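Asks:
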Amino acid sequence: MQLKTSLLGYPRIGEKREWKKALEAHWTGNLSSEDLHAEMKHIRLNHLKKQQDAGIEIIPVGDFTYYDHILDATAMFGLVPERFEYDGGSVSLETYFSMARGNKDVPASEMTKWYNTNYHYIVPEIGNKAPALSENYLLAAYKEAKEELGIEGKPVIIGPYSFLKLAKHYKNDAFPELLSQLTDVYVQLFQELADEGVQWVQVDEPSLVTTIPEEDLPLILKTYETLQNEVPQLNVLLQTYFEAVSHYEKVIELPVAGIGLDFVHDQGKNLHALQTHGFPKDKVLGAGVIDGRNIWKAKLKDKLVLVKEIQKYVGDDKVWLQPSASLLHTPVTVENEPTLDETLKQALSFADEKMEELRTLQQLGIGESEANDKQLEDNEEIFAALKTKGWRKEEPDPTTSTDVGRSLSYEERRKKQLEKWPLPKLPTTTIGSFPQTRDVRRLRARLKKGELTHSEYQSAIQSHIKTWIDHQEEIGLDVLVHGEFERNDMVEYFGERLEGFAFTKNAWVQSYGSRGVKPPIIYGDVRFKEPMTVEETVYAQSLTDKPVKGMLTGPVTILNWSFERDDLPKQQVAFQIAEAIKEEVSALENAGIEMIQIDEPALREGLPLKREDWSSYLEWAVQAFRLSSSYVENTTQIHTHMCYSEFQDIIDAISALDADVISIETSRSQGDILETFEDNVYDKGIGLGVYDIHSPRVPSEEEMLHIIRRALSVLPADLFWVNPDCGLKTRNEEETVAALKKMVNAAQQARAEV
Ligand code: GLN
Ligand code: ZN
Numbered sequence: 001m002q003l004k005t006s007l008l009g010y011p012r013i014g015e016k017r018e019w020k021k022a023l024e025a026h027w028t029g030n031l032s033s034e035d036l037h038a039e040m041k042h043i044r045l046n047h048l049k050k051q052q053d054a055g056i057e058i059i060p061v062g063d064f065t066y067y068d069h070i071l072d073a074t075a076m077f078g079l080v081p082e083r084f085e086y087d088g089g090s091v092s093l094e095t096y097f098s099m100a101r102g103n104k105d106v107p108a109s110e111m112t113k114w115y116n117t118n119y120h121y122i123v124p125e126i127g128n129k130a131p132a133l134s135e136n137y138l139l140a141a142y143k144e145a146k147e148e149l150g151i152e153g154k155p156v157i158i159g160p161y162s163f164l165k166l167a168k169h170y171k172n173d174a175f176p177e178l179l180s181q182l183t184d185v186y187v188q189l190f191q192e193l194a195d196e197g198v199q200w201v202q203v204d205e206p207s208l209v210t211t212i213p214e215e216d217l218p219l220i221l222k223t224y225e226t227l228q229n230e231v232p233q234l235n236v237l238l239q240t241y242f243e244a245v246s247h248y249e250k251v252i253e254l255p256v257a258g259i260g261l262d263f264v265h266d267q268g269k270n271l272h273a274l275q276t277h278g279f280p281k282d283k284v285l286g287a288g289v290i291d292g293r294n295i296w297k298a299k300l301k302d303k304l305v306l307v308k309e310i311q312k313y314v315g316d317d318k319v320w321l322q323p324s325a326s327l328l329h330t331p332v333t334v335e336n337e338p339t340l341d342e343t344l345k346q347a348l349s350f351a352d353e354k355m356e357e358l359r360t361l362q363q364l365g366i367g368e369s370e371a372n373d374k375q376l377e378d379n380e381e382i383f384a385a386l387k388t389k390g391w392r393k394e395e396p397d398p399t400t401s402t403d404v405g406r407s408l409s410y411e412e413r414r415k416k417q418l419e420k421w422p423l424p425k426l427p428t429t430t431i432g433s434f435p436q437t438r439d440v441r442r443l444r445a446r447l448k449k450g451e452l453t454h455s456e457y458q459s460a461i462q463s464h465i466k467t468w469i470d471h472q473e474e475i476g477l478d479v480l481v482h483g484e485f486e487r488n489d490m491v492e493y494f495g496e497r498l499e500g501f502a503f504t505k506n507a508w509v510q511s512y513g514s515r516g517v518k519p520p521i522i523y524g525d526v527r528f529k530e531p532m533t534v535e536e537t538v539y540a541q542s543l544t545d546k547p548v549k550g551m552l553t554g555p556v557t558i559l560n561w562s563f564e565r566d567d568l569p570k571q572q573v574a575f576q577i578a579e580a581i582k583e584e585v586s587a588l589e590n591a592g593i594e595m596i597q598i599d600e601p602a603l604r605e606g607l608p609l610k611r612e613d614w615s616s617y618l619e620w621a622v623q624a625f626r627l628s629s630s631y632v633e634n635t636t637q638i639h640t641h642m643c644y645s646e647f648q649d650i651i652d653a654i655s656a657l658d659a660d661v662i663s664i665e666t667s668r669s670q671g672d673i674l675e676t677f678e679d680n681v682y683d684k685g686i687g688l689g690v691y692d693i694h695s696p697r698v699p700s701e702e703e704m705l706h707i708i709r710r711a712l713s714v715l716p717a718d719l720f721w722v723n724p725d726c727g728l729k730t731r732n733e734e735e736t737v738a739a740l741k742k743m744v745n746a747a748q749q750a751r752a753e754v
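Numbering follows UniProt numbering, with no gaps: position 675 of the sequence shown is 675.
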């Protein structure tokens, strides 16, 4: 029985981030449009060639982009918002980049998280525009691959349903009409592809794995019926990923030639649905069996069993082996990691290695390879070695719930804390970081290069701490921070000091546009080694009589911003990290630091795509936070911080964190969050961000006072704190001091009113 191999998409950034470098050179005026196009073509063809050389049989085209694939679709549909220059036809490079990044006159389009990944897409704005095909870049991509490399490519496009779900600025009741208009544009697009001889097109519909309103189902059916009726010669592979598809039975019956399913991040639900309801014999099944999002090698034996099981339900020759998602979410190649431990490296698989895995699996699956048993044994060796190294327990702990809490209720703790901390009403504080100036960053670079000794570095950091303790005293803040000058990144800093984390040199993943992240790899059991923040915090405290808040990153955020182990349930890893953070909390407390902030900006990001799965996630996320924060004296004040203001739907979980004070974003959402507190009485300390730290603008006292007053109309004054929206590391010294002075003045004025 034959098995084909296929990819859903390949990373854009290039092995050495050539893509990023070309774009940024262009933006700064150091690379002409012509040269940019040439460089982009070079990168694009190189990526196609790699897939071809790796023996991938069905190669995606059109997934490459100059910024973001959703923005490409928006441009292709002519949906350029009014504020940008555009008079129909194809969108100029300048307008395209303006939509992505804004320009001196107009703000960029909004950017938001791509489903449950750390990729961010540019949100299409519909407004009063009707979609119309402005140019067909898929056709161009298809032709290029064919002419230059003889590749019979599979154009990839976001599906009409998901595109609209990802878009904004239209009324809900306009959805059916818009979808039908957009479908007509797809008909035209598909017709042009079919006329050129394209055989397969991959239509991504990741929104089909979210909770779909019942009334959308007939609309989805109609969309795909139209496409099928109008362009019958083109084969559509309807691709889903990141979770099990909702309404499996209906989706597999849609009039398309193939369905792509994720068999890795589906909690076993897609396989179960396949076994229960079968699969149409005339359709191709794109079987996402290799993890497209994480960086571990596949356990071949298990995968082989999975493939054989899938084959039972699918027609002969109809299974395509694929990664579970586009490889956009993985780094490019393990080859570029010379400094990683060999045993660990053996166990890793980035995009290029995943292509090899598909090929191996294909050979094993069709019984072509002779070295079957040997290959499987070698593969098992790889994972066994991670244990023999002592990095992972032989037998992982059973997953138990870890419900711990503070010994006194918030109400009782509060009384003790009020006695211990003589703070004014509406106390003022900041979120943790102060400007990471070039000077600060250079210190780290020089330490790395050996140009500074450790103690020289240490004392340079201390001098920054001192400068900012002085600033804070002078500004008149009530609770001070040390400023986080020693930290490169709020996760990396802790990961580097805990057991179980590895860091790569080149394993970048696109976060948005030309920006990438290099997430740490959690490869072993996480353990506390020695205090990580005590020295700097205690030093800061020694300089002032005001309380200095200790500053830690929480377990859920550390986990959500790392590549996690795939041999343990996520929550177990979260609990291990929580145990380690708990040790740090104790170390701080023992050293006399009795206000401790544990940041959880990524808590919300980890929410599963389906509503029905939220509660189980929130349960362990909250437990992990409580595990890290509960073993303290009742007089010790635990703070937490989150960078967003969408709380309405998770307010119970936020409250269950049982932090004494939470600081959150408010100013960017124009205070909308306050409505949350009108009906949900949040009854613990709360700091509402009174100014947006993302902008260099120094806000006026009145603006801040306005936010404070509005907040005080719904929140009791004695629970209320005054602080900026987030950390100030991206701002400069002058702006920061000026803005904080105004903030303190605003707080003083407000105090007089309560
Ligand atoms: N304490 C961190 C800082 O101030 C918090 C950052 C964040 O919330 N992302 O930088
Ligand atoms: Zn923040």
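We treat Cβ as the ideally placed atom computed from N, Cα and C, and that holds for glycine.
Being a predicted model, the structure only gives us computed values, none of them experimental.
Ignore the nearest five residues each way along the sequence and tell me which others in Leu607's own chain have a CB closer than 7 Å to its CB.
Replies: Here residue 607 corresponds to residue number 607 of the sequence shown, with the count starting at 1. Excluding positions up to five away in sequence, the list reads Trp614, Tyr617.
Asks: Evaluate the contact criterion for the region 474–493 versus the region 433–453: three or more CB pairs, one atom per stretch, below 8 Å.
Replies: Touching, yes.
Asks: Which one of Asp567, Ile664, Asn103 has the shortest CA to CA distance from Glu600?
Replies: Counted from its first residue, the sequence shown places residue 600 at position 600. Comparing Cα-Cα distances from Glu600 to each of Asp567, Ile664, Asn103, the minimum goes to Ile664.
Asks: Determine the DSSP secondary structure at Trp200, reduced to helix, strand or coil.
Replies: The count along the sequence shown starts at 1 and reaches residue 200 at position 200. Here Trp200 sits in strand by DSSP.
Asks: Touch check for the region 270–284 and the region 344–359: three-plus C-beta pairs under 8 Å?
Replies: The answer is no - the region 344–359 does not touch the region 270–284, with fewer than three Cβ pairs under 8 Å.
Asks: Report yes if the CB atom of Ala624 is closer than 8 Å to the CB atom of Ala659, and no otherwise.
Replies: Translated into positions along the sequence shown, residue 624 becomes position 624. Translated into positions along the sequence shown, residue 659 becomes position 659. No; because the gap between Cβ atoms is not below 8 Å, this pair is not in contact.
Asks: Is any non-hydrogen atom of the ligand ZN found closer than 7 Å to the C-beta of His641, if you look at the structure I gave you?
Replies: Residue numbering aside, residue 641 sits at position 641 when the sequence shown is read from its first letter. Checking every heavy atom of the ligand ZN against the Cβ of His641, one is found closer than 7 Å.
Asks: From Trp296 to Thr333, what distance separates their C-alpha atoms?
Replies: Residue numbering aside, residue 296 sits at position 296 when the sequence shown is read from its first letter. Residue numbering aside, residue 333 sits at position 333 when the sequence shown is read from its first letter. If you take the alpha carbons of Trp296 and Thr333, they lie about 12 Å apart.
Asks: Count the other CB atoms within 10 Å of the CB of Gln239; is the residue buried (16 or more) or exposed (fewer)?
Replies: For the purposes of this step, residue 239 is taken as residue 239 along the sequence shown, with counting starting at 1. When all chains shown are included, Gln239 counts as buried.
Asks: Kindly indicate which three-state DSSP category Gly153 falls into: helix, strand or coil?
Replies: In the sequence shown, the residue the question calls residue 153 occupies position 153. Three-state DSSP puts Gly153 in coil, outside helix and strand.
Asks: DSSP three-state call for Asp262: helix, strand or coil?
Replies: For the purposes of this step, residue 262 is taken as residue 262 along the sequence shown, with counting starting at 1. Asp262: strand per DSSP, three-state reduction.
Asks: Hey, is the region 208–224 in contact with the region 585–599, meaning 3+ C-beta pairs nearer than 8 Å?
Replies: The answer is no - the region 585–599 does not touch the region 208–224, with fewer than three Cβ pairs under 8 Å.
Asks: Please state whether the Cβ-Cβ distance between Ala22 and Leu8 is less than 8 Å.
Replies: Taking the sequence shown and counting its residues from 1, one reaches residue 22 at position 22. Taking the sequence shown and counting its residues from 1, one reaches residue 8 at position 8. No, Cβ-Cβ distance for Ala22 and Leu8 is not below 8 Å.
Asks: By the three-class DSSP mapping on this structure, what secondary structure does Asp599 have?
Replies: Residue mapping note: residue 599 aligns to position 599 of the sequence shown, counting from 1. Correct three-state label for Asp599: strand.
Asks: Please confirm whether any heavy atom of the ligand ZN lies closer than 7 Å to the CB of Pro724.
Replies: For this step, residue 724 is matched to residue 724 along the sequence shown. No, the beta carbon of Pro724 sits no closer than 7 Å to any heavy atom of the ligand ZN.
Asks: Check the C-beta distance from Glu243 over to Lys610 and give it rounded, since I have them as a contact under 8 Å.
Replies: Start at 1 with the first residue of the sequence shown, and residue 243 comes out as number 243. Start at 1 with the first residue of the sequence shown, and residue 610 comes out as number 610. Rounded, the Cβ-Cβ distance is 6 Å, consistent with contact.
Asks: By the three-class DSSP mapping on this structure, what secondary structure does His26 have?
Replies: Along the sequence shown, read from residue 1 onward, the residue named residue 26 stands at position 26. Residue state, collapsed to three classes: helix.
Asks: Can you say whether Ile366 is buried or exposed, counting buried as having 16 or more other CB atoms within 10 angstroms of its CB?
Replies: Residue numbering aside, residue 366 sits at position 366 when the sequence shown is read from its first letter. The residue in question, Ile366, is exposed, as its Cβ has fewer than 16 Cβ neighbours within 10 Å.
Asks: To the nearest angstrom, how far is it from the Cα of Thr330 to the Cα of Gly102?
Replies: One-based indexing of the sequence shown puts residue 330 at position 330. One-based indexing of the sequence shown puts residue 102 at position 102. Approximately 28 Å between the Cα atoms of the pair.
Asks: Identify every run of the beta strand (DSSP E) within the region 469–537, keeping only runs that are complete inside it and at least 3 residues long; order them along the chain.
Replies: Correct list: 498–502, 509–512, 515–517, 521–528.
Asks: Who pairs with Val235 in a beta bridge, going by DSSP?
Replies: What you label residue 235 is simply residue 235 of the sequence shown in a count that begins at 1. As written in the sequence, residue 235 is Asn, which differs from the Val given in the question. Bridge partners of Asn235: Trp200.
Asks: Cα-Cα, which of Asp525, Pro547, His247, Ala738 is closest to Leu559?
Replies: Looking up residue 559 in the sequence shown gives position 559. Nearest C-alpha to Leu559: Asp525.
Asks: Under 8 Å by Cβ, that's how I've got Thr276 and Ser246 pegged, so tell me the actual separation to the nearest angstrom.
Replies: Counted from its first residue, the sequence shown places residue 276 at position 276. Counted from its first residue, the sequence shown places residue 246 at position 246. So it is not a contact: roughly 15 Å between Cβ atoms.
Asks: Using a Cβ-Cβ cutoff of less than 7 Å, which residues in the same chain neighbour Ser514 once the five nearest sequence positions on both sides are dropped?
Replies: As a position in the sequence shown, residue 514 is number 514, starting the count at 1. Taken in chain order, the residues that qualify are Lys20, Leu23, Glu24.
Asks: I'd like the span of the beta strand (DSSP E) that includes Tyr121, first residue to last.
Replies: Your numbering for residue 121 matches position 121 in the sequence shown. Tyr121 -> beta strand (DSSP E) spans 120–122.
Asks: Can you check whether the CB of Val661 is closer than 8 Å to the CB of Ser628?
Replies: As a working mapping, residue 628 is identified with position 628 in the sequence shown. As a working mapping, residue 661 is identified with position 661 in the sequence shown. No.
Asks: Just confirm the distance between the C-beta atoms of Ala711 and Leu740, as a whole number of angstroms; I'd bet it's less than 8 Å.
Replies: Along the sequence shown, read from residue 1 onward, the residue named residue 711 stands at position 711. Along the sequence shown, read from residue 1 onward, the residue named residue 740 stands at position 740. Ala711 to Leu740, Cβ: 18 Å. No contact.
Asks: Just checking Ser433 against the ligand GLN - is the residue's beta carbon closer than 7 Å to any of the ligand's heavy atoms?
Replies: The count along the sequence shown starts at 1 and reaches residue 433 at position 433. Yes - the ligand GLN has a heavy atom lying nearer than 7 Å to the Cβ of Ser433.
Asks: Enumerate, from N- to C-terminal direction, the unbroken alpha helix (DSSP H) stretches of 4 or more residues contained entirely within the region 538–578.
Replies: Listed in chain order, the complete alpha helix (DSSP H) runs (minimum 4 residues) inside the region 538–578 are 555–560.
Asks: Who are the Cβ neighbours of Ile310 in its own chain at under 8 Å, not counting the five residues just before and after it?
Replies: The residue you call residue 310 lines up with position 310 of the sequence shown. Cβ neighbours of Ile310 beyond the five flanking positions: Phe263, Leu271, Leu274, Leu285, Ala287, Val289, Val319.
Asks: Considering just the uninterrupted stretch of the beta strand (DSSP E) at Lys113, what are its terminal residues?
Replies: Stepping through the sequence shown from its first residue, residue 113 is reached at position 113. Unbroken beta strand (DSSP E) run through Lys113: 111–113.
Asks: Less than 8 Å between the C-beta atoms of Pro699 and Lys742, yes or no?
Replies: Locating residue 699 in the sequence shown gives position 699, counting from the first residue. Locating residue 742 in the sequence shown gives position 742, counting from the first residue. A contact, by the Cβ cut-off of 8 Å.
Asks: Of all the alpha helix (DSSP H) runs that stay within the bounds of the region 267–305, which reach a length of 4 or more residues?
Replies: Runs of the alpha helix (DSSP H) inside the region 267–305: 269–277.
Asks: Using a threshold of 8 Å, state whether the C-beta atoms of Ala257 and Val236 are closer than that.
Replies: To locate residue 257, count along the sequence shown from 1; it is residue 257. To locate residue 236, count along the sequence shown from 1; it is residue 236. The answer is yes: Cβ separation under 8 Å.
Asks: Give me whichever residues DSSP pairs with Gln637 in a beta bridge.
Replies: The residue you call residue 637 lines up with position 637 of the sequence shown. Answer is Met595.
Asks: Run through DSSP, which three-state label would Glu357 get?
Replies: For this step, residue 357 is matched to residue 357 along the sequence shown. Reduced to three states, the DSSP call for Glu357 is helix.
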